[in-house]
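J.:
Numbering (the working numbering), first residue to last: 170 to 670.
1) On a Cα-Cα basis, can you pick out the residue from 450, 532, 599, 533 that is closest to residue 641?
2) Which runs of the beta strand (DSSP E) spanning at least 3 residues fall entirely within the stretch 183-248, listed in chain order?
3) Quick one: what's got a C-beta closer than 8 Å to residue 465's C-beta in the same chain, skipping five residues either side?
4) Considering only C-alpha positions, which residue in the set 393, 525, 520, 501 is nearest to residue 514?
5) So, using beta-carbon positions, are residue 197 and residue 315 closer together than 8 Å?
6) Exposed or buried, residue 175, counting other C-beta atoms within 10 Å across all chains shown (16 or more means buried)?
7) Within its chain, find whatever has a CB closer than 6 Å to the CB of residue 366; leave out the 5 residues flanking it on each side and keep chain order.
8) Might you give, ordered along the chain, the residues of its own chain that have their beta carbon closer than 6 Å to the beta carbon of residue 443, omitting 5 neighbours on each side?
9) Report all residues from its chain with a CB closer than 8 Å to the CB of residue 638; omit the five preceding and five following residues, and keep chain order.
10) Hey, quick one: how far does the alpha helix (DSSP H) through residue 661 stretch, first residue to last?
11) Compute the Euclidean distance between the alpha carbons of residue 340 and residue 290, then round it to the nearest angstrom.
12) For residue 264, report the span of its beta strand (DSSP E) as first-last.
13) Alpha carbons only, please: which of 343, 328, 353, 299 is nearest the one belonging to residue 317?
14) So what does DSSP say about residue 301, is it helix, strand or coil?
15) Just the C-alpha distance for residue 616 and residue 644, rounded to the nearest angstrom, thanks.
16) Return the first residue and the last residue of the alpha helix (DSSP H) that residue 398 is part of.
17) Return the bridge partner residues of residue 279 from the DSSP annotation.
18) Using a threshold of 8 Å, state whether the C-beta atoms of residue 384 and residue 538 are closer than that.
19) Can you check whether the CB of residue 652 is closer than 8 Å to the CB of residue 636?
20) Is the stretch 243-257 touching the stretch 216-227 in the sense that three or more CB pairs, one from each, lie closer than 8 Å?
21) Sorted by chain position, which residues of the same chain lie with C-beta nearer than 6 Å to residue 328's C-beta, five sequence neighbours on each side aside?
22) Between residue 559 and residue 572, what straight-line distance do the alpha-carbon atoms span, to the nearest angstrom?
23) According to the neighbour-count rule (16 or more other Cβ atoms, all chains shown, within 10 Å of its Cβ), is residue 614 buried or exposed?
24) Quick check: the stretch 526-534 against the stretch 491-510, are at least 3 beta-carbon pairs closer than 8 Å?
25) Go to residue 600, then tell me how far its alpha helix (DSSP H) extends in each direction, as first and last residue.
26) Here's a check: name, in chain order, each residue in its chain whose Cβ is nearer than 8 Å to the Cβ of residue 183, leaving out the five neighbours to either side.
27) Three or more C-beta pairs closer than 8 Å, one from the stretch 292-300 and one from the stretch 255-271: is that the case here?
28) Can you give the Cα-Cα distance for residue 544 and residue 386, rounded to whole angstroms?
29) Assuming the contact rule is C-beta atoms closer than 8 Å, residue 498 and residue 481 should be a hit. Round their C-beta distance to whole Å, please.
30) Tell me where the alpha helix (DSSP H) around residue 528 begins and ends.
31) Go through the stretch 282-363 residue by residue and report every complete run of the beta strand (DSSP E) that reaches 3 residues or more, in order.
32) Using only alpha-carbon positions, find the residue among 421, 435, 408 that is nearest to residue 393.
33) Would residue 276 and residue 202 be called neighbours here (beta carbons separated by less than 8 Å)?
34) Residue 535 to residue 414, Cα distance in whole Å?
35) What does DSSP give as the partner residues of residue 635 in its beta bridges?
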């Protein structure tokens with residue numbers, strides 16, 4: 170199944186912004202001789218198309234699925250019946266129909282090329298089976314349970330849809346042998362076959378790391394003999410930060426090797442000093458990407474971003490990932506799905522071909538390193554207020570987790586290695602601060618970035634309280650949420666212009 174996101178952003182149904190708790194899936198057939206999904210998408214993506222909107226179209230020529238609404242968005246696909254509307258509970262998907270049919274009255278039609286028509290219907294049916302299998306797994310639905318997978322016709326019989334006969338009318342009159350019962354069974358079978366043939370072959374991002382820090386160090390030294398000592402020192406953080414969030418830290422490290430060219434940063438959009446080891450924020454050519462104060466924070470942000478893709482579980486640590494909110498949670502459970510082209514949801518970390526496969530090749534190389542490699546020197550992790558203030562030391566630990574726990578219990582303390590490098594600093598809660606605005610024309614925007622609309626208002630000259638800070642387009646110093654907009658969260662100013670007090 171090929172899935173392409175083509176959201177109908179101009180359709181009034183989309184702009185209404187209503188959500189549903191997905192409780193089922195409804196299958197439709199468009200009811201006109203048009204096999205091209207693009208024709209319908211172009212027609213429906215308009216403010217004037219205010220009477221219908223579905224979650225997806227299946228192209229009759231090649232079986233491509235076009236997602237036209239977020240799956241949990243309330244659509245306008247089935248009208249209503251005497252017991253309510255399936256729009257409030259069901260995802261609606263339209264199958265395009267053959268060009269060689271001609272409707273005569275109601276659901277009746279003539280067909281000038283039965284063989285061609287059957288080929289189109291078979292193509293859309295099979296794509297619908299794959300799509301519904303994916304959605305049933307995504308929303309934990311049993312396609313054989315009552316009322317879960319239904320047609321528009323069945324929706325009408327149940328009192329939750331308008332009086333239509335699709336898609337059964339098309340299947341019956343062309344003698345396809347399809348029924349909604351065969352469809353439901355096919356969806357169930359597709360769910361099982363996909364799980365049996367692929368699930369045990371894919372690599373989950375969530376879980377316990379299989380590689381050791383020594384294996385990762387050995388791998389990177391073999392690939393890049395000139396690797397900086399600071400990189401070797403921070404490698405254990407991949408495991409400790411990954412463990413904190415339930416993410417495989419060895420996968421995060423393998424991804425960093427890919428993104429940084431084995432930490433040589435040759436041709437990379439980021440540099441070592443940015444503490445950004447995964448290209449975070451490099452969303453187009455020429456962008457510098459995000460920067461972090463310490464390697465620990467950069468690795469934490471990467472791990473949190475992986476968790477956003479792989480799981481819907483809440484974060485354990487305070488979020489330091491500036492792009493966490495942009496991810497569709499749980500859309501890439503497996504490493505193989507981190508590439509958008511290989512992801513069945515059409516989402517993912519990167520757009521390049523076989524992105525996940527490249528990460529797994531590196532991981533395989535790491536795991537092939539000798540597991541019996543031992544450290545040449547014993548490492549101690551020291552907890553102090555500053556490295557030079559030896560008298561403030563709370564303790565020295567052989568285990569990083571114990572040292573982190575001690576630092577967490579003592580505000581203002583950090584974990585240092587034996588060279589005085591900071592390996593871990595607890596993230597302190599955000600503290601509101603004041604800024605002085607000297608221009609009367611500082612724009613207030615509805616979100617943190619120039620890609621958000623202006624409110625039409627200015628701050629004016631004065632001193633203002635910032636209650637939240639985020640990175641965003643158009644301001645190297647980030648964006649601040651004004652205190653007077655704290656409740657609605659739609660009043661942000663660039664922090665590159667005012668003076669921080």
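Every residue, glycine too, gets a C-beta built ideally from N, C-alpha and C.
T.: Once the coordinates are examined:
1) Here the question's residue 641 lines up with position 472 in the chain shown. Answer by Cα proximity: 450.
2) 193-198, 225-227, 234-236
3) Translated into positions along the chain shown, residue 465 becomes position 296. Contacts found: 403, 406, 410, 591, 592, 593, 594.
4) Numbered from 1 along the chain shown, position 345 holds the residue referred to as residue 514. The candidate whose alpha carbon is nearest that of residue 514 is 501.
5) Numbered from 1 along the chain shown, position 28 holds the residue referred to as residue 197. Numbered from 1 along the chain shown, position 146 holds the residue referred to as residue 315. No, the pair does not count as a contact, with Cβ atoms beyond the cut-off.
6) On the chain shown, residue 175 is found 6 positions in, with the first residue counted as 1. Classification of residue 175: buried, given that the 10 Å Cβ count is 16 or more.
7) Locating residue 366 in the chain shown gives position 197, where the first residue counts as 1. Below a pLDDT of 50, predicted positions are generally treated as unreliable, and residue 366, at 49, falls in that range; no measurement from the model is reported.
8) Position 274 of the chain shown, counted from the start, is the residue given in the question as residue 443. So the qualifying residues of the chain are 460.
9) Counting from one through the chain shown, the residue named residue 638 turns up at place 469. Around residue 638: 599, 647, 648, 649, 650, 664.
10) Within the chain shown, numbered from 1, the residue matching residue 661 stands at position 492. No alpha helix (DSSP H) contains residue 661, which is instead part of the beta strand (DSSP E) from 661-663.
11) Sequence index remark: in the chain shown, residue 340 carries index 171 (1-based). Sequence index remark: in the chain shown, residue 290 carries index 121 (1-based). So the two alpha carbons sit approximately 8 Å from each other.
12) Residue 264 sits at position 95 when you count from the first residue of the chain shown. Where residue 264 is concerned, the enclosing beta strand (DSSP E) stretches over 259-264.
13) As a position in the chain shown, residue 317 is number 148, starting the count at 1. The shortest C-alpha separation from residue 317 is found at 353.
14) Along the chain shown, read from residue 1 onward, the residue named residue 301 stands at position 132. It is helical.
15) Counting from one through the chain shown, the residue named residue 616 turns up at place 447. Counting from one through the chain shown, the residue named residue 644 turns up at place 475. Distance between the alpha carbons of residue 616 and residue 644 is about 12 Å.
16) To locate residue 398, count along the chain shown from 1; it is residue 229. Per DSSP, residue 398 belongs to the alpha helix (DSSP H) from 398-414.
17) For the purposes of this step, residue 279 is taken as the residue at position 110 of the chain shown. Residue 279 pairs with 271.
18) For this step, residue 384 is matched to residue 215 along the chain shown. For this step, residue 538 is matched to residue 369 along the chain shown. Closer than 8 Å, so yes.
19) Translated into the one-based positions of the chain shown, residue 636 becomes position 467. Translated into the one-based positions of the chain shown, residue 652 becomes position 483. Taking 8 Å as the Cβ cut-off, residue 636 and residue 652 qualify as a contacting pair.
20) yes
21) Your numbering for residue 328 matches position 159 in the chain shown. Correct list, in chain order: 250, 251, 252.
22) Your numbering for residue 559 matches position 390 in the chain shown. Your numbering for residue 572 matches position 403 in the chain shown. For residue 559 and residue 572, the distance between alpha carbons rounds to 16 Å.
23) Within the chain shown, numbered from 1, the residue matching residue 614 stands at position 445. Counting Cβ neighbours within 10 Å, residue 614 comes out buried, since at least 16 surround it.
24) yes
25) Looking up residue 600 in the chain shown gives position 431. Premise fails: residue 600 is in no alpha helix (DSSP H) and is neither H nor E.
26) Start at 1 with the first residue of the chain shown, and residue 183 comes out as number 14. Answer for residue 183: 176, 177, 222, 238, 242, listed in chain order.
27) yes
28) Here residue 544 refers to the residue found at position 375 when the chain shown is read from its first residue. Here residue 386 refers to the residue found at position 217 when the chain shown is read from its first residue. For residue 544, the predicted structure reports a pLDDT of 45, less than 50, and the residue's modelled location is therefore unreliable. A value from the coordinates is still provided. Distance between the alpha carbons of residue 544 and residue 386: 10 Å.
29) In the chain shown, residue 498 corresponds to position 329, counting from 1. In the chain shown, residue 481 corresponds to position 312, counting from 1. With 8 Å as the limit, residue 498 and residue 481 qualify as a contact, their Cβ atoms being about 5 Å apart.
30) Position 359 of the chain shown holds residue 528. Here the alpha helix (DSSP H) through residue 528 covers 524-536.
31) 318-320
32) Taking the first residue of the chain shown as 1, we reach residue 393 at position 224. Ranking the options by Cα distance to residue 393, first place goes to 435.
33) Residue 276 sits at position 107 when you count from the first residue of the chain shown. Residue 202 sits at position 33 when you count from the first residue of the chain shown. No, the Cβ-Cβ distance between residue 276 and residue 202 is not below 8 Å.
34) Counting from 1 along the chain shown, the entry for residue 535 is found at position 366. Counting from 1 along the chain shown, the entry for residue 414 is found at position 245. Going by the C-alpha atoms only, they are around 22 Å apart.
35) Numbered from 1 along the chain shown, position 466 holds the residue referred to as residue 635. For residue 635, which the question treats as bridged, DSSP gives the partners 602, 651.
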